[in-house]
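*Asks:*
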Amino acid sequence: KTGVLALEKLSLNQVQSFMETRLLQIVRALADHPDAIGRHSTKAVTAAGEALRNFLLEHITQPPPALKTLAALINRSEVQTLRIFKAEFGQTPHEFLLDQKARAAAELLRNSNGTLKEIAFLLGFRDEYYFSRFFKKRKGISPIAYRHCEQ
Numbered sequence: 022k023t024g025v026l027a028l029e030k031l032s033l034n035q036v037q038s039f040m041e042t043r044l045l046q047i048v049r050a051l052a053d054h055p056d057a058i059g060r061h062s063t064k065a066v067t068a069a070g071e072a073l074r075n076f077l078l079e080h081i082t083q084p085p086p087a088l089k090t091l092a093a094l095i096n097r098s099e100v101q102t103l104r105i106f107k108a109e110f111g112q113t114p115h116e117f118l119l120d121q122k123a124r125a126a127a128e129l130l131r132n133s134n135g136t137l138k139e140i141a142f143l144l145g146f147r148d149e150y151y152f153s154r155f156f157k158k159r160k161g162i163s164p165i166a167y168r169h170c171e172q
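Just so you know, this note's numbering puts 118 at position 97 of the sequence shown, and the rest follows in order with no gaps.
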């Protein structure tokens, strides 16, 4: 409750900046967890794989980047970039990003009082209805039902 009262005294831009920072901390913690997607292999992650993963996590609040952007990041072709990412994380960069958004959404639904609209906006969805469909498809349950089950 104290945290919410402190946020009420901030401007909208300050609250948004705080929430984006907190979201990135949540996503980073989820991604670093031993059960995280892409951690199923005992194979070490290369510098290129780590750079791609970090870039995706740092841009979780934005639409998925073009493959061309990711390839330029590691100075490889688009085909090589996909091959590297799939070999190291078991899925495409796009699927990885969507999985991370779903995991972050679940964490926010469990541990915040944010509305669906706020969570959707924070994760870069165009509206709460699209976010709800996305969440239900990924988790098999609506965001509202998930929030009630987890409390």
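Virtual Cβ for every residue (Gly too), placed ideally from N, Cα, C.
(1) Counting C-beta neighbours from all protein chains within 10 Å, is the total for Leu-33 16 or more, i.e. buried, or is it exposed?
(2) Assign Val-100 to buried or exposed, taking buried as 16 or more other Cβ atoms, counted over all protein chains shown, within 10 Å of its Cβ.
(3) Identify whether Ser-62 lies in helix, strand or coil by the three-state DSSP scheme.
(4) Assess contact between the segment 87-101 and the segment 64-75, defined as three or more Cβ pairs (one per stretch) separated by less than 8 Å. Is contact present?
(5) Determine the closest residue to His-169 out of Thr-90, Leu-129 and His-80, with distance taken between C-alpha atoms.
(6) Could you tell me the distance, in whole angstroms, from the CA atom of Phe-117 to the CA atom of Ser-153?
(7) Can you list, in chain order, the residues of its chain with a C-beta nearer than 6 Å to that of Pro-85? Leave out the 5 residues immediately preceding and following it.
(8) Given a threshold of 16 other Cβ atoms within 10 Å of its Cβ, counted over all protein chains shown, does Lys-89 qualify as buried or as exposed?
(9) Taking only three categories from DSSP, how would you classify Thr-23?
(10) Can you tell me which of Lys-122, Phe-146 and Tyr-151 puts its alpha carbon nearest to the alpha carbon of Glu-79?
(11) Note down, in chain order, each residue of its chain lying with its Cβ closer than 7 Å to the Cβ of Met-40, except the 5 sequence neighbours on either side.
(12) Report buried or exposed for Ile-140, applying the criterion of at least 16 other Cβ atoms within 10 angstroms of its Cβ.
(13) Hey, quick one: how far does the alpha helix (DSSP H) through His-115 stretch, first residue to last?
(14) Between Leu-1 and Thr-82, is the Cβ-Cβ spacing less than 9 Å?
*Replies:* From the atom records:
(1) exposed
(2) exposed
(3) Confidence at Ser-62 is low in this model, with a pLDDT of 48, below 50, so the placement of that residue should be treated as unreliable; the coordinate-derived value is given next. Coil at Ser-62, not helix or strand.
(4) yes
(5) Leu-129
(6) 19 Å
(7) His-115 and Leu-118
(8) exposed
(9) Confidence in Thr-23 is poor, its pLDDT being 42 and thus under 50, which makes the residue's placement unreliable; the coordinate value appears in the next sentence. Three-state DSSP puts Thr-23 in a helix.
(10) Lys-122
(11) Leu-143
(12) buried
(13) 114-132
(14) Residue 1 lies beyond the stretch modelled for the chain, which goes from 22 to 172, so this question has no answer here.
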